[in-house]
Amino acid sequence: MKEFHLHLVSDATGETINSVARACVIQFDDVRPIEHFWNLVRTDRQLDLVLEGIRDNHGLVMFTLVDETLRRRLQDFCREMQVPCIPVLDPLINALAAFLGVESQRQPGRQHVLDAEYFSRIDAVDFALSHDDGQSNWDLHEADVVLIGVSRSSKTPTCIYLANRGIKAANIPLVPGSPLPAEVDLLTRPLIVGLTKDPDRLVQIRRNRLKLLNQGEGSSYADPELVRSEVQEARRLFSRRGWPVIDVSRRSIEETAAEIMMLLARRQSGNFGPEGKKS
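Take any residue in the sequence shown, count from 1 to its spot, add 5: that is its number in this note's numbering.
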């Protein structure tokens with residue numbers, strides 16, 4: 006395993022550069038970055054600390070700084086230290102400026118301003134939390150997306166991820182022997198998506214869950230035959246209702262959410278009907 010120091014320098018929260026760096030590093034096998042996070046770097050004194058850190062731990066530097074003076078200091082220092090220094094957003098900003106014919110504002114943290122979009126995301130997070138696991142079904146019609154699936158099929162984290170994209174998402178568990186809430190039959194506005202998972206993988210996850218709760222593995226909750234039957238019944242329900250289905254067995258939360266957002270976009274463009282089926 007090859008280790009290397011990776012300095013991530015940002016004048017905002019660092020969320021963007023962290024995501025970009027990890028998306029790049031994951032493409033290389035047998036390497037492990039020792040990450041040094043330098044967020045909210047907006048003054049010379051703050052940058053001094055960054056330069057000291059780079060001097061003590063030589064390694065690749067990636068940055069998203071918009072202040073020209075700070076950028077120049079960082080790049081000049083890295084040139085003297087002979088370490089790579091990469092301005093992550095420059096190619097995109099320059100391309101956009103050329104295409105649009107306007108200059109960028111060079112303002113740190115503009116993506117985090119407290120505008121209507123920001124408060125819409127906060128509202129969506131509140132909605133996801135209050136409509137988790139079948140709660141508060143009385144206003145389920147206000148959701149953009151309703152996820153339905155068996156226990157441990159990643160419904161809750163997917164809803165939270167969607168909420169951070171400004172999408173109001175609720176989730177309802179499928180419980181063996183219990184009908185769906187009556188409110189589901191009345192829904193016309195939300196996109197309803199069924200989530201399913203490989204039964205063997207589901208058994209493993211549920212057994213781990215029981216261990217965490219100090220409960221025995223003999224519970225029907227993790228019985229392989231019952232879990233297999235539960236998943237099959239869920240698939241039959243989704244098929245009868247005509248709901249789109251996503252198998253989350255080998256998908257990350259981000260990939261599942263991306264698929265849902267694509268379904269939602271297609272529906273909003275008129276290519277799909279009320280329940281997500283192609284019209």
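Virtual Cβ for every residue (Gly too), placed ideally from N, Cα, C.
Span of the alpha helix (DSSP H) around residue i
| i | result |
| --- | --- |
| proline 96 | 95 to 105 |
| aspartate 128 | 121 to 135 |
| valine 30 | 20 to 30 |
| threonine 163 | 160 to 168 |
Which residues DSSP lists as bridging residue i, in chain order
| i | result |
| --- | --- |
| serine 274 | Its beta-bridge partners do not exist; DSSP assigns none. |
| proline 178 | Gly154 |
| valine 250 | Gly199 |
Closest by C-alpha distance to residue i, when choosing among the options
| i | options | result |
| --- | --- | --- |
| leucine 145 | Glu73, Glu108, Glu188 and Ala26 | Glu188 |
| aspartate 137 | Leu152, Ser125 and Asp128 | Leu152 |
| leucine 185 | Arg246, Ile251 and Glu73 | Arg246 |
| leucine 179 | Leu217, Glu264 and Glu238 | Glu238 |
| leucine 79 | Arg60, Val250 and Leu97 | Arg60 |
| glutamine 87 | Val66, Asp72 and Ala263 | Val66 |
| alanine 270 | Ser15, Leu196 and Ala227 | Leu196 |
| glutamine 51 | Phe33, Pro38 and Leu70 | Leu70 |
| glutamine 209 | Ser156, Ala26, Thr48 and Ile22 | Ser156 |
| leucine 83 | Thr18, Asn62 and Pro113 | Reading the sequence as shown, one finds cysteine at residue 83 and not leucine. Measuring from the Cα of cysteine 83, the nearest candidate turns out to be Asn62. |
| isoleucine 172 | Lys216, Ser125 and Glu230 | Ser125 |
| aspartate 95 | Pro162, Leu105, Ser109 and Leu217 | Ser109 |
| glycine 182 | Pro229, Gln220, Ala133 and Ser234 | Ser234 |
| aspartate 252 | Thr18, Lys160 and Ser24 | Lys160 |
| glutamate 122 | Asn142, Ala103 and Asn169 | Asn169 |
| aspartate 49 | Arg77, Leu215, Ser274 and Gln112 | Arg77 |
| proline 229 | Val55, Cys90, Asp203 and Ser254 | Asp203 |
| leucine 11 | Glu20, Gln112 and Arg27 | Arg27 |
Extent of the continuous beta strand (DSSP E) run through residue i
| i | result |
| --- | --- |
| threonine 201 | 196 to 201 |
| glutamate 8 | 7 to 15 |
CB contact flag (residue i, residue j, <8 Å)
| i | j | result |
| --- | --- | --- |
| glutamate 40 | leucine 13 | yes |
| isoleucine 31 | valine 150 | no |
| valine 232 | leucine 191 | no |
| arginine 240 | alanine 227 | no |
| arginine 47 | aspartate 16 | yes |
| valine 36 | valine 93 | no |
| leucine 217 | serine 224 | no |
| glycine 154 | threonine 193 | no |
| isoleucine 258 | proline 162 | yes |
| isoleucine 165 | alanine 133 | yes |
The ligand MG heavy atom lying under 7 Å from the CB of residue i
| i | result |
| --- | --- |
| serine 141 | Looking at this structure, you won't find the ligand MG or any other ligand, since it has none at all. |
Item checked: alpha helix (DSSP H) runs contained entirely in the region 33 to 99, provided each spans 4 or more residues -> For the region 33 to 99, whole alpha helix (DSSP H) runs of length 4 or above, ordered along the chain, are 49 to 61 and 73 to 86.
Checklist line | Whole beta strand (DSSP E) elements within the region 200 to 235, 3-residue minimum | finding: Listed in chain order, nothing qualifies, since the region 200 to 235 has no complete beta strand (DSSP E) run of 3 or more residues.
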